[in-house]
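Residue numbers (the numbering used here), protein chains in the order written: chain B, 1 to 129; chain C, 130 to 792. Using N, Cα and C, we set each Cβ at its ideal position, and we do this for glycine too. The structure under discussion appears below in the form of structure tokens.
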Amino acid sequence: MDDPKKMKAQIEDISHVDVRKCMRCGKCSATCPNYDDMEYHPHQFVCMVEKGEIRKLMDSNSIYTCLSCFACIERCPRQVEPAKLIEATRLMVERERGANHLKPDMIVQKLDDQLPQQALASAFRKYTK
Amino acid sequence: MQKIGVFVCHCGTNIAATVDVEQVAQALGKEPGVVMAVHYQYMCSQSGQDMIKDAIKEKGLTGVVICSCSPRMHEATFRKAAASVGMNPFMVEIANIREQCSWIHKDRQEATQKAIALGRAAIAKVHLNAPLTAGETPVAKKALVIGGGIAGIQAALDIAEAGFEVDIVEKEPTIGGKMTQLDKTFPTLDCAACILTPKMVECAQNDKIHILSYSEVTKVKGFVGNFDVTIRRKARYVNEDKCTGCGLCTQKCPQKKIPNAFNLNMDMRRAIYIPFAQAVPKVATIDPDHCKMLTSGKCGLCATVCTAGAIDYKQKDKFIEQKYGAIVVATGFNPIKADAFNELGYNQSKDVVTSLEYERLMNAAGPTDGTLLRPSDGKHPKTIVFVQCVGSRDTTCRGKEYCSKICCMYTAKHAMLTREKYPDTDVYVFYIDVRTPGKGFDEFYRRAVEQYGVHYIKGQVGKVSPLSDGTLEVQASDLLMDEQLKIKADMVVLAVAMEADKTARPLATMLTASMDTNDFFTEAHPKLRPVESPTAGIFLAGACQGPKDIPDTVAQAGAAASKVIGLLVKNNLKGNPCVAHCNENMCNGCSSCEHVCAYGAITYVAKEFKMPDRTIAIRRVAQVNPAVCQGCGACTVTCPSGAMDLQGFSNREIMAEVDAICL
Numbered sequence: 001m002d003d004p005k006k007m008k009a010q011i012e013d014i015s016h017v018d019v020r021k022c023m024r025c026g027k028c029s030a031t032c033p034n035y036d037d038m039e040y041h042p043h044q045f046v047c048m049v050e051k052g053e054i055r056k057l058m059d060s061n062s063i064y065t066c067l068s069c070f071a072c073i074e075r076c077p078r079q080v081e082p083a084k085l086i087e088a089t090r091l092m093v094e095r096e097r098g099a100n101h102l103k104p105d106m107i108v109q110k111l112d113d114q115l116p117q118q119a120l121a122s123a124f125r126k127y128t129k
Numbered sequence: 130m131q132k133i134g135v136f137v138c139h140c141g142t143n144i145a146a147t148v149d150v151e152q153v154a155q156a157l158g159k160e161p162g163v164v165m166a167v168h169y170q171y172m173c174s175q176s177g178q179d180m181i182k183d184a185i186k187e188k189g190l191t192g193v194v195i196c197s198c199s200p201r202m203h204e205a206t207f208r209k210a211a212a213s214v215g216m217n218p219f220m221v222e223i224a225n226i227r228e229q230c231s232w233i234h235k236d237r238q239e240a241t242q243k244a245i246a247l248g249r250a251a252i253a254k255v256h257l258n259a260p261l262t263a264g265e266t267p268v269a270k271k272a273l274v275i276g277g278g279i280a281g282i283q284a285a286l287d288i289a290e291a292g293f294e295v296d297i298v299e300k301e302p303t304i305g306g307k308m309t310q311l312d313k314t315f316p317t318l319d320c321a322a323c324i325l326t327p328k329m330v331e332c333a334q335n336d337k338i339h340i341l342s343y344s345e346v347t348k349v350k351g352f353v354g355n356f357d358v359t360i361r362r363k364a365r366y367v368n369e370d371k372c373t374g375c376g377l378c379t380q381k382c383p384q385k386k387i388p389n390a391f392n393l394n395m396d397m398r399r400a401i402y403i404p405f406a407q408a409v410p411k412v413a414t415i416d417p418d419h420c421k422m423l424t425s426g427k428c429g430l431c432a433t434v435c436t437a438g439a440i441d442y443k444q445k446d447k448f449i450e451q452k453y454g455a456i457v458v459a460t461g462f463n464p465i466k467a468d469a470f471n472e473l474g475y476n477q478s479k480d481v482v483t484s485l486e487y488e489r490l491m492n493a494a495g496p497t498d499g500t501l502l503r504p505s506d507g508k509h510p511k512t513i514v515f516v517q518c519v520g521s522r523d524t525t526c527r528g529k530e531y532c533s534k535i536c537c538m539y540t541a542k543h544a545m546l547t548r549e550k551y552p553d554t555d556v557y558v559f560y561i562d563v564r565t566p567g568k569g570f571d572e573f574y575r576r577a578v579e580q581y582g583v584h585y586i587k588g589q590v591g592k593v594s595p596l597s598d599g600t601l602e603v604q605a606s607d608l609l610m611d612e613q614l615k616i617k618a619d620m621v622v623l624a625v626a627m628e629a630d631k632t633a634r635p636l637a638t639m640l641t642a643s644m645d646t647n648d649f650f651t652e653a654h655p656k657l658r659p660v661e662s663p664t665a666g667i668f669l670a671g672a673c674q675g676p677k678d679i680p681d682t683v684a685q686a687g688a689a690a691s692k693v694i695g696l697l698v699k700n701n702l703k704g705n706p707c708v709a710h711c712n713e714n715m716c717n718g719c720s721s722c723e724h725v726c727a728y729g730a731i732t733y734v735a736k737e738f739k740m741p742d743r744t745i746a747i748r749r750v751a752q753v754n755p756a757v758c759q760g761c762g763a764c765t766v767t768c769p770s771g772a773m774d775l776q777g778f779s780n781r782e783i784m785a786e787v788d789a790i791c792l
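Structure (structure tokens):
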């Protein structure tokens, strides 16, 4: 069962963002270069986290369309840092999905000329602690 | 042995809800020397005060302890009550069981115990209290107003009206301040110059008012009623008494490419200049950084054309000393620099301007003679975007965390005036909140929307990018429509935050007046003493205290003036008897106290002393000027031999309090 309060606390714990600092100016969304491709925009992340609507954000494609350019963080007059909330939501999804690390025998199919070696290394590391 | 009465106040539920006042009264009643201990709902009320007075008379009390709120609030009230029935007011002590106890505790038992401890400390002190008598000092019947903006002008006029002499010290060549740069004023749309310049002239013509323009305060000594102020009269290189303000020199000067600060550097002026046509005093000033005669000795044209013979290249800064009874601070504000807001393109495009610059662009005496033209190419702008809260309510290092208060209204004014003069323009205002809590203010903003068709959009502008075709792309969000907008604009106007003038901080240090973290002067009490500084004799007017519009500024200036008048009508002021005192027998003449005294109250004198062997020795000992001493106590803690003691807060009294709490 989803507990909005717990999920909200978890997001705040991961991101260290205090959503109450937001003054609803929307400069984060005004700045967002990928606005049109985002279902929920940076300012909505802040409001929705405050209301505890984390599941909606986790189900949205927005967490993958965010470019992580940090323009919203850079321009926010109140130092709210919306991109950190988006990253935290991504992490929540990852953690819910559980261990999904790469097995050596899967590598062969994934190899191509474009794939950077670091990607393989980091994929191995994920959730192997 | 003292006969002490203890009075415990409930302060409604402020104290009584957390502190068991009955228990406090009972416990304190058992203390040595206490002959009565009672509790009452509101000690500060008339009947509460009567209770104290009656007790003093009937029981013959010699000391009173009141357990109540902070002494800052009601010490004077209770001391007055005691004095009215013949007790020396300094035999009254207050134990602060509200701010220091009930307000910060939750546990009733703990709070009650602490209240008893605080009461005991006060009783221990009263045992050692001695009656004190305040000395009197005469009042210099003249006021100083620092800053010649609308706040300073209004304060000076009101003080002069009451018949007192006033000096206005203004750092610029003319009085008038920021208001001279405005076009129209909200919410009535009066022309700023039309209502301000008559007041400036009134100042100049009033024989009680002396305008010391192009001057600054460099040193302040003394105390309420007796400030000794040193004023630097900067060299104008023009004799103020001879100059007629004809302006011939300002037309002939060959140095004509100097950015004109009055028009916010949007046009040029000469090296000799009069800031604007209605300047007061209307005299020319030479800019020493750009005058050829002063920098290289080769020119002198202004001296040749001046028929009054007013030019004086050899003039030097002069320092004058004056005595004042009261000082009004009216140093005003400045808009913050927009340079740090890179994303809004202020440094990248001339067509991104601040609101004050826009004000000049609309003004008939401005760089474009009142026709709204784009600064980059002089064309008529069609789409104008206003951005509010630039740097206001901004907790980053670029901005100010407070609301600058006036921007919502002046932006509405700009938008309205633009639409009225140029109905073919599209005007957008991007806002976070529209704040219009003044008389007629909301109606004004609604007029901009409903009558003049200004597009108000909720959402901050994210980015302004100059495009190759000379327009500006404004990227913003419409939060209510939940969409991102890209508007092609010809001009962008930034409503930048207001900050205290940079002269305020050093001035506050000179005046020993306190300031907040934003360099605004703090008032003695935010609600009940809003025009006074906590430092006696220093009064506040206008934006030096916080962002303020013209009506508020004028009202506050009038209030400050009335306080000044109230002070200046007195012939003598009662001093504070709680001043330092030197026990000359113990003083070893080390000068430590003299060095730490921030008020210059301590001097050393050589005195003859009879020694135990009947010889006479001459020793150097400290002497305190009680009129200058502020009773801060720095000398008492510095004195290595314990010779310095503060009356009313002697070392013995303080130690007795500590013992009462700790033992």
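Hey, how far is the Cα of residue 179 of chain C from the Cα of residue 210 of chain C? 8 Å
To the nearest angstrom, how far is the alpha carbon of residue 589 of chain C from that of residue 501 of chain C? 25 Å
Please decide whether residue 7 of chain B counts as near chain C, where near means a Cβ-Cβ distance under 8 Å. no
Tell me the rounded alpha-carbon separation between residue 619 of chain C and residue 539 of chain C. 20 Å
Residues that residue 27 of chain B contacts on chain C, provided the C-beta gap is smaller than 7 Å: 589, 591
Bridge partners - residue 397 of chain C, DSSP secondary structure assignment: C/388
Cβ pair residue 791 of chain C, residue 276 of chain C closer than 8 Å: no
Check whether the Cβ atoms of residue 708 of chain C and residue 731 of chain C lie closer than 8 Å to each other. no
Mind listing the chain C neighbours of residue 23 of chain B? Cutoff is C-beta to C-beta under 7 Å, in chain order. 522, 561
Mapping DSSP to helix, strand and coil, what is residue 650 of chain C? strand
Beta-carbon proximity list for residue 763 of chain C, same chain, < 6 Å, skipping 5 on both sides: 725
Between C/758, C/751, C/697, which has its C-alpha nearest residue 291 of chain C's C-alpha? C/697
Flag this pair as yes or no: are the beta carbons of residue 537 of chain C and residue 563 of chain C separated by less than 8 Å? yes
What is the rounded straight-line gap between the Cα of residue 308 of chain C and the Cα of residue 370 of chain C? 26 Å
Residue 193 of chain C by DSSP, collapsed to three states: which one? strand
Let me know the beta strand (DSSP E) ranges lying completely inside the stretch 528-578 of chain C, each 3 residues or longer, listed in chain order. 555-560
Secondary structure of residue 606 of chain C, DSSP reduced to three states: strand
For residue 77 of chain B and chain C, any beta-carbon pair shorter than 8 Å? yes
Identity of the residue in C/226, C/200, C/187, C/232 nearest residue 214 of chain C by Cα: C/187
Roughly how many angstroms lie between the CA atoms of residue 110 of chain B and residue 628 of chain C, to the nearest whole one? 59 Å
Okay, do the stretch 698-705 of chain C and the stretch 252-268 of chain C touch, 3+ Cβ pairs below 8 Å being the bar? yes
Give the straight-line distance between the Cα atoms of residue 631 of chain C and residue 422 of chain C, rounded to the nearest whole angstrom. 30 Å
Neighbour flag for residue 474 of chain C against chain B, beta carbons, 8 Å: no
Is residue 124 of chain B helix, strand or coil when you go by DSSP? helix
Taking 8 Å as the cut-off, decide whether the C-beta atoms of residue 199 of chain C and residue 144 of chain C are in contact. no
Determine whether the Cβ of residue 31 of chain B lies closer than 8 Å to any Cβ atom of chain C. yes
Using a Cβ-Cβ cut-off of 8 Å, state whether residue 18 of chain B counts as contacting chain C. no
Check whether the stretch 509-517 of chain C touches the stretch 422-432 of chain C, counting contact only when three or more Cβ pairs, one atom from each stretch, lie closer than 8 Å. no
Under 8 Å between beta-carbons, which chain C residues line up against residue 36 of chain B? List them in chain order, please. 613
Residues bridged to residue 97 of chain B [DSSP beta-bridge criterion]: Residue 97 of chain B is not bridged to any residue.
Residue 264 of chain C, DSSP secondary structure in three states: coil
For a test of the three-state rule: what should DSSP assign to residue 474 of chain C, helix, strand or coil? coil
Residues bridged to residue 584 of chain C (per DSSP): C/557
How many angstroms separate the CA atom of residue 127 of chain B from the CA atom of residue 524 of chain C? Annotation note: pLDDT 48 at residue 127 of chain B (below 50); position unreliable, no value reported.
So, under 8 Å CB-CB, residue 527 of chain C and residue 469 of chain C are touching, yes? Tell me the CB distance rounded to an integer number of Å. 4 Å
Taking the CB atoms as reference points, tell me whether residue 669 of chain C and residue 434 of chain C lie closer together than 8 Å. no
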